[in-house]
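See structure below.
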């Protein structure tokens, strides 16, 4: 009963490096999404997907890419990391009823 | 997008006290949810409550969709209730979160 699984939990990057945050869900949810959480700002939507092959931008998409090749997986890519991308990232999935379920988060530091 | 306002921003309670947290929305309330972020950073689902009232143990929630607000009640608070409480709703496929209420329960 894994739910939503994110990896890695912690990552330190240097400015300009690239990386991928992985997200997988085993609930057969069509909806998946990525958020970043910064102090005092709550959670802000980066990108979301309503099914395999379909992605769209949220509030803060700049600097991030996503793809959705399967129902289960929704990776988030940082092509050239910047210090402003230091944050905690959460992946969430949702079923047809609209309720969201979150992974445990990934803490990213960009030096 | 939707503006989500949570109050109070910070709350300190003595163990055993009751509290009410509020969430106001600038637009129609759809799939309203309440979450608890524990001190380890995990986001725990508390209630999925687009309208009406639900109860789960010492916690209950009420959403009045026509007036665009929701309330979370915590009774007989315990130290394990400490953390940040978030509400969220959506417009279309985009979910919007408040900035949270930070609750500290003192033994």
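Residue numbers (my numbering), protein chains in the order written: chain Y, 2 to 112; chain Z, 1444 to 1550. Ideal Cβ positions, reconstructed from N, Cα and C, are used throughout, including at glycine.
Within 8 Å, strictly: CB atoms of residue 13/Y and residue 110/Y:
Counting from 1 along the first chain, the entry for residue 13/Y is found at position 12. Counting from 1 along the first chain, the entry for residue 110/Y is found at position 109. Taking 8 Å as the Cβ cut-off, residue 13/Y and residue 110/Y qualify as a contacting pair.
Rank 1448/Z, 1514/Z, 1476/Z, 1490/Z by C-alpha distance to the C-alpha of residue 1532/Z and give the top, closest one.
Translated into positions along the second chain, residue 1532/Z becomes position 89. Restricting attention to 1448/Z, 1514/Z, 1476/Z, 1490/Z, the CA atom closest to the CA of residue 1532/Z is found in 1476/Z.
Does the segment 1448-1459 of chain Z touch the segment 1527-1546 of chain Z, meaning 3 or more C-beta pairs lie closer than 8 Å?
These segments touch.
Kindly indicate if chain Z contains any beta-carbon less than 8 Å away from that of residue 77/Y.
Sequence index remark: in the first chain, residue 77/Y carries index 76 (1-based). Chain Z contact via Cβ: absent.
Identify the contact partners of residue 57/Y in chain Z, using a Cβ-Cβ distance below 9 Å as the criterion.
Mapped onto the first chain, residue 57/Y falls at position 56. In chain order: 1536, 1537.
Would residue 1486/Z count as contacting chain Y if we go by Cβ distances under 8 Å?
On the second chain, residue 1486/Z is found 43 positions in, with the first residue counted as 1. Judged by the 8 Å Cβ criterion, residue 1486/Z is in contact with chain Y.
Contacting residues, own chain, Cβ-Cβ under 6 Å from residue 1470/Z (five flanking each side not counted):
Taking the second chain and counting its residues from 1, one reaches residue 1470/Z at position 27. The beta carbon of residue 1470/Z lies closer than 6 Å to those of 1445 in the same chain, with the five residues before and after it left out.
Answer with yes or no whether the minimum CB distance from residue 42/Y to chain Z is below 8 Å.
One-based indexing of the first chain puts residue 42/Y at position 41. Yes, residue 42/Y counts as interfacial toward chain Z.
Report the rounded CA-to-CA distance for residue 6/Y versus residue 90/Y, giving the unit in angstroms.
Residue numbering aside, residue 6/Y sits at position 5 when the first chain is read from its first letter. Residue numbering aside, residue 90/Y sits at position 89 when the first chain is read from its first letter. Each residue's Cα considered, the two are about 12 Å apart.
What separation, rounded to the nearest whole angstrom, lies between the Cα atoms of residue 32/Y and residue 103/Y?
Your numbering for residue 32/Y matches position 31 in the first chain. Your numbering for residue 103/Y matches position 102 in the first chain. Rounded to the nearest whole angstrom, the C-alpha separation of residue 32/Y and residue 103/Y is 12 Å.
Less than 6 Å between C-beta atoms, sequence neighbours within five positions excluded: which residues of the same chain meet that for residue 112/Y?
Residue mapping note: residue 112/Y aligns to position 111 of the first chain, counting from 1. Correct list, in chain order: 15.
Say the cut is 7 Å; is the CB of residue 1507/Z nearer than that to a heavy atom of the ligand COA?
As for the ligand COA, it is missing from this structure, which has no ligand bound.
Around the Cβ of residue 19/Y, are there at least 16 other Cβ atoms within 10 angstroms (buried) or fewer (exposed)?
The residue labelled residue 19/Y in the question sits at position 18 within the first chain. By the neighbour-count rule (16 or more Cβ atoms within 10 Å), residue 19/Y is not buried but exposed.
In whole angstroms, what is the alpha-carbon distance linking residue 1513/Z and residue 1499/Z?
By one-based count along the second chain, residue 1513/Z stands at place 70. By one-based count along the second chain, residue 1499/Z stands at place 56. Spanning the two alpha carbons is a distance of roughly 16 Å.
How would you write the range of the beta strand (DSSP E) that residue 1477/Z sits in, first residue to last?
Within the second chain, numbered from 1, the residue matching residue 1477/Z stands at position 34. Residues 1476-1480.
Just checking: is the beta-carbon of residue 101/Y within a distance shorter than 8 Å of some beta-carbon in chain Z?
Position 100 of the first chain, counted from the start, is the residue given in the question as residue 101/Y. At least one chain Z Cβ lies under 8 Å of residue 101/Y.
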